[in-house]
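Taken in order, the sequence shown gives residues -18 to 112; the numbers are from the numbering used here.
We treat Cβ as the ideally placed atom computed from N, Cα and C, and that holds for glycine.
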Amino acid sequence: MVVRKTKDRPEFLLLHYGLGHWDFPKGNIEKGEKQEDTVRREIAEETGITRIKFIDGFRETIKYFYKWKGQNIFKIVVYYLVETRQKNVTLSDEHQGYAWLPYTEAFKKLTFKNSKDVLNKAMKCMNGMSE
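As structure tokens, this is what we get:
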């Protein structure tokens, strides 16, 4: 999950995937790769954003099944929260668009409930940092 702090509020980066849903940047870990390196690589590949800073204390795991070519696929996604000051996004071919959105708008635009749950936890983490 990529967040950019503006003067007024944090904004989360959502990507519009080719299948029509909105979600956070994510991808598969490569053999021998550490999770943090996967985060850096996938964000760079999908968005062109290379200057990120991991926000300590945030790591969320979700698990789900989806159908692909008639097969049930089990997927585990590990989310980290990273901050950037880069605003410009260069999309990969697998995405149709992107949006930097404040929490409420991001919550409405996210397609999947488990992504909304992760967004809630990220916002709580960020609110805890500012107290």
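- With fewer than 16 other Cβ atoms from the protein chains shown falling within 10 Å of its own Cβ, residue 49 counts as exposed.
- Rounded to the nearest angstrom, the gap between the Cα atoms of residue -13 and residue 65 is 11 Å.
- In the assembly as shown, residue 47 is an exposed residue. Its beta-carbon has fewer than 16 other beta-carbons within 10 Å.
- Note on residue 93: under 16 other CB atoms within 10 angstroms of its CB, so exposed under the neighbour-count rule.
- Annotated as proximal: residue -17 and residue 30, with beta-carbon spacing under 8 Å.
- Relative to the Cα of residue 69, the nearest Cα in the group -10, -11, -5 belongs to -5.
- When rounded, the separation of the alpha-carbon atoms in residue 82 and residue 57 is 25 Å.
- Just so you know, the alpha carbons of residue 71 and residue -3 end up roughly 13 Å apart.
- Nearest neighbour of residue 96 by Cα position, chosen from -1, 22, 5, turns out to be 5.
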